[in-house]
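Under the UniProt record's numbering, the first residue of the sequence shown carries the number 1, and numbering increases by one thereafter.
A quick write-up on the structure given underneath.
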Amino acid sequence: MMKSLSTKRAILTGLAALTSWGSLAWAGESLPQPDPAFKGIIGANRKASTPDWPRHPQAPKGAPNVVLVLLDDVGFAAPSTFGGGVATPGLDKLAQQGLTYNQFHVIGICSPTRAALLSGRNHHQVGFGTVTDNPAGYPGYNMNWPRSAASVAEVLRQNGYTTAAFGKWHNTPAWEVSAAGPFDRWPTGLGFDYFYGFMAAQASQWTPQLYRNTSPVEPNRKPPAYHFTTDMVDDAIHWVRQQRAEMPDRPYFAYLATGATHAPHHAPKEWIEKYRGKFDQGWDKYREEAFARQKKHGVIPANARLAPRPSSVPAWDSLPAAQRKLLARQMEVFAGYLAHTDYEIGRFLDEVRRQPGGDNTLVLYVTGDNGPSPEGGIEGTRFHTARVFGMSDTPEAMMAAIDELGGEHSDGNYPTGWALATATPFPGAKQMTSTLGGIRNALVVSWPERIKSGFGVRNQFHHVVDIVPTIYEAAGIAAPDRVNGVEQMPIEGKSMVYSFSDKKAPSPRTVQYFEVMGNRGIYQDGWFAGATHYETWNIFESLKQGKTLKDDKWTLHNLTEDFSGVVDLADKYPEKLAQLQATFEAEARRNQVLPMSDSPLDSFFSGGMPDPTAGRKEFVYGGDTARVTPPFAPPVLGKAHRIEARILRTTAGSEGVVVAFGGTEGGYVLYVQDNHLVYELNLSGLAREKMVSTLPVPVGVSTVAFELQPDATTPTNPMMKYYPRAGTGRLFIDGQATGELRFARFGGFGHPTIHTETLDVSRDLGSAVGAGYQAPFAFSGTVEQVRFTLP
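Quick look at the structure:
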């Protein structure tokens, strides 16, 4: 039941009196606030009248600027701030100015953490039970951010803040990322005045496909001069300077979510080279070294235990020398990526502090949206999405390309062994919400005007949903009961402001559930229980085994005595385990976790999401069509199809791309080069097939085409839906056959959500699909029309 207006005012007044943070503003029962009544005088003429101007909502006096930083796929023990082997002086500096939280928790995977971070509600409550790429038609999994859970940006905006988001945004349903919208679940529809970044799980840092607000934009430079993290920070600095120049007294909210260090691991070569030879000791020794530094620096308790390496991951010393060289190089690339990111975010924070109101800026820096990513598998990857398509690289090919790792011609991820090492001292990693390595990420908080102590460690148990109420309390804003006419669900988070001045105060958070794709965890009063449905690095093997949720074994840990969650007490305290299991079931029912699935990637492979192309047999594009995202592109994978284009070559030198889909990570392209028609297939970056017409393409108007007839095979399980299969391709010029090629494998691209590059006509935007040209290789004649036909 809603509190009455008078009751709520009284509560807020009491809170203001009890805190040292100044008065809490009355945000009102409802947002937006009502239009103010005219308080002037209207007489018969202007001389007899007194004007009164309507005032826009203003933030409470003294409200701080707020900067929220979120890194991606960074383990607890990667940054030097927390004992890691990657130098992060920018984060070190921030920690020395403020507080570090060593029992801060996230969801365990990308989109859910971000939804909880920005809404203050649990991830299933707002429809993000898993990543947007794996939706299901149930309230906890439909990826439709509800209007009953207004974002922190929307609430701050309607309370007088300017708001902006930069970088990665992975909370818009893939089937809504198009030029046609709808745009209400884009950043600008969820409370951000401004957005600059990419709309997907991942992006090339060299050739990202970006949006400014809702309009596609292209980077104005090319590698190696360009890197997205630098570009993002440049844009954010410009935005802050503009805000301070025009309205220096108006507070702002800036949300920076880096692409780093999510795969693909891309870093400037000079940053990678800083770490050459730094990881030759291997992942087992790294774990021991990081563990010792963590204790020395006081970021973990002296009695903390180091989680053992899983038996499914080989000991470093058991590997051949040549393989160790490759694996060490992959860690060097990751380290360069993280170090470069730290430098760029540090550059932004330095600018924030230099600007007016810099000391009255609350910075909340979350070092990862989940634990480190072990998705590269035991050997790491050169093209990390290939596994989805049933493809893998060979050690020989990876070794031959070792100097390309981290550059524009690789899209890799580091090996599982390094991921687990950077989770030190915890077991597990990304996706494994049953282990602390998947859900415990460090938080650094700095607010010079209010937090005076330097490098204070806070041990209270907190969760990502606690960020929103912390911001509200710091800003003197109450969470509204209604926003834009919609009654709001309660905020689940608990403010952390109390801990700014009291390191010994008990945490108000006594219960918190965790769940991602069947991996489950539950915290209650210092105890933690978890059930591992699958190990992330063995997810595809788990799918093949047909394991059910009932098969999973639960573990039990007393986190008060066992900081790392290493000692399993399930057999010793079965009653306590049963109690926590019952708590999980209750929280699951309350938070829309049900129904859970035995298969963690069922929707990902079965295509259970809304399909914008359903029922379409023909797709027609004009010559200026660009940035058609994968869910809206013709679904040609595994299907007979024809691509036909009407083109005009004004001279014998007219050449370029007719139509392209994808990029370095996989795709296809039809183009004209050296007077011939070319079709090139890129199989997840690992292999290529190329057809060249036997006849020349004439000058003038002509019709060129490619046809594929796949073999009549039926996938034996949903996983194989996107696997390459054999088929025959043919080229045509003005109806005359002019080339044929037997594809032993046709595919390695085309999942509607995992690939982030697009379909483009007349050029190849982003990274190049083909190896025979430099993107964008715009057609120098005219592409009048491209038509895709499916049976």
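Each residue gets a CB set at the ideal place from its N, CA and C atoms; glycine is no exception.
Taking the alpha-carbon positions, what's the Thr703 to Asp674 distance? Roughly 17 Å between the two C-alpha positions.
Should Leu577 and Gly526 be called a contact, given that it needs their Cβ atoms to be closer than 8 Å? No. Outside cutoff.
Tell me which same chain residues have a C-beta within less than 7 Å of the C-beta of Gln242, skipping the five on either side of it? Excluding residues within five positions, none has a Cβ falling inside 7 Å.
Looking at the structure shown, is Met691 part of a helix, part of a strand, or coil, going by DSSP? Looking at Met691 - three-state DSSP - the assignment turns out to be strand.
Measuring straight from C-alpha to C-alpha, what distance separates Thr229 and Ala260? If you draw a straight line from the Cα of Thr229 to the Cα of Ala260, it comes to about 8 Å.
Taking its Cβ as the centre, do 16 or more other Cβ atoms sit within 10 Å of Leu549, making it buried, or is it exposed? Leu549 should be labelled exposed.
Local conformation of Trp21 per DSSP, three classes: The predicted model places Trp21 with a pLDDT of 41, which falls under 50 and marks its position as unreliable, so this point remains unresolved.
Does the beta-carbon of Ser499, which I'm using as the reference point, lie nearer than 7 Å to any heavy atom of the ligand PLP? The model on display carries no ligand, and the ligand PLP is accordingly not part of it.
Do you know offhand how far Glu561's Cα is from Leu443's? C-alpha separation (whole angstroms): 22 Å.
Indicate the three-state DSSP secondary structure (helix, strand or coil) for Trp26 in the structure shown. Unreliable positioning characterises Trp26 in this predicted model, as indicated by a pLDDT of 42, which lies under 50. A coordinate reading is not provided.
If you reduce the DSSP assignment to three classes, tell me which class Glu218 lands in. Of the three classes helix, strand and coil, the one that applies to Glu218 here is coil, per DSSP.
Could you tell me which residues DSSP pairs with Val672 in its beta bridges? Gly656, Leu677, per the DSSP bridge assignment.
Is Lys168 helix, strand or coil by DSSP? It is a strand residue.
Within this structure, are the beta carbons of Thr385 and Ser599 separated by less than 8 Å? Contact flag unset, no.
Reducing DSSP to helix, strand and coil, say where Ile647 ends up. In this structure, Ile647 counts as strand in the three-state DSSP scheme.
Unbroken beta strand (DSSP E) run spanning Val516, endpoints: Here the beta strand (DSSP E) through Val516 covers 511-516.
Could you give the first and the last residue of the continuous alpha helix (DSSP H) run that contains Arg293? Counting along the chain, the alpha helix (DSSP H) containing Arg293 begins and ends at 283-297.
Beta-carbon separation (whole angstroms), Thr664 vs Ser204, contact threshold 8 Å: Contact holds; Cβ gap of about 7 Å.
So, are the CB atoms of Ala77 and Ala321 less than 8 Å apart? No, Cβ-Cβ distance for Ala77 and Ala321 is not below 8 Å.
Under a three-way DSSP split, which group does Pro64 fall into? In the three-state reduction of the DSSP assignment, Pro64 falls in the coil class.
Delimiting residues of the beta strand (DSSP E) encompassing Glu618: Here the beta strand (DSSP E) through Glu618 covers 618-622.
Three-state secondary structure assigned by DSSP to Phe749: In the three-state reduction of the DSSP assignment, Phe749 falls in the coil class, being assigned neither a helical nor a strand state.
Range of the contiguous beta strand (DSSP E) that encloses Gln58: Where Gln58 is concerned, there is no enclosing beta strand (DSSP E), given that its DSSP letter is neither H nor E.
Asn519 (DSSP reduced to helix, strand or coil): The answer is strand: DSSP assigns Asn519 an E or B state.
What residues in its chain sit with their C-beta under 8 Å from that of Ala652, if we drop five residues either side in the sequence? Beyond the five residues adjoining it in sequence on each side, Ala652 comes within less than 8 Å, by CB distance, of Asn675, Val699 in the same chain, given in chain order.
Same chain only: Cβ atoms within 6 Å of Gly75, ignoring 5 sequence neighbours per side: Only Gly371, Pro372, Thr422, Ala423 meet the Cβ criterion.
Completely contained beta strand (DSSP E) runs for the region 450-477, where each covers 3 or more residues: Counting only runs of 3 or more, we get 456-458.
Exposure label - Trp206; buried when at least 16 CB within 10 Å: Buried.
Using DSSP with H/G/I as helix, E/B as strand and the rest coil, what is Leu190? If DSSP states are grouped into helix, strand and coil, Leu190 belongs with coil.
Which word fits Gly454, buried or exposed, when buried means at least 16 other C-beta atoms lie within 10 angstroms of its C-beta? With fewer than 16 Cβ atoms within 10 Å of its Cβ, Gly454 is classed as exposed.
Just checking, does the region 489-508 make contact with the region 463-479 on the three C-beta pairs under 8 Å criterion? A contact exists between the region 489-508 and the region 463-479.
To which residues of the same chain is Ala744 closer than 7 Å at the C-beta, ignoring the five residues directly before and after it? Correct list, in chain order: Ala726.
Smallest Cα separation from Asn682: which of Asp711, Pro612, Phe706, Ala768? Ranking the options by Cα distance to Asn682, first place goes to Ala768.
Whole-angstrom distance between Asp734 and His123, CA atom to CA atom: For His123 and Asp734, the distance between alpha carbons rounds to 54 Å.
Which ranges does the beta strand (DSSP E) cover as unbroken runs of at least 3 residues, wholly within the region 545-608, from first to last along the chain? DSSP runs (the beta strand (DSSP E)) wholly in the region 545-608: 554-558.
Between which two residues does the beta strand (DSSP E) harbouring Trp239 extend? Trp239: not part of any beta strand (DSSP E); member of the alpha helix (DSSP H) spanning 228-246, first to last residue.
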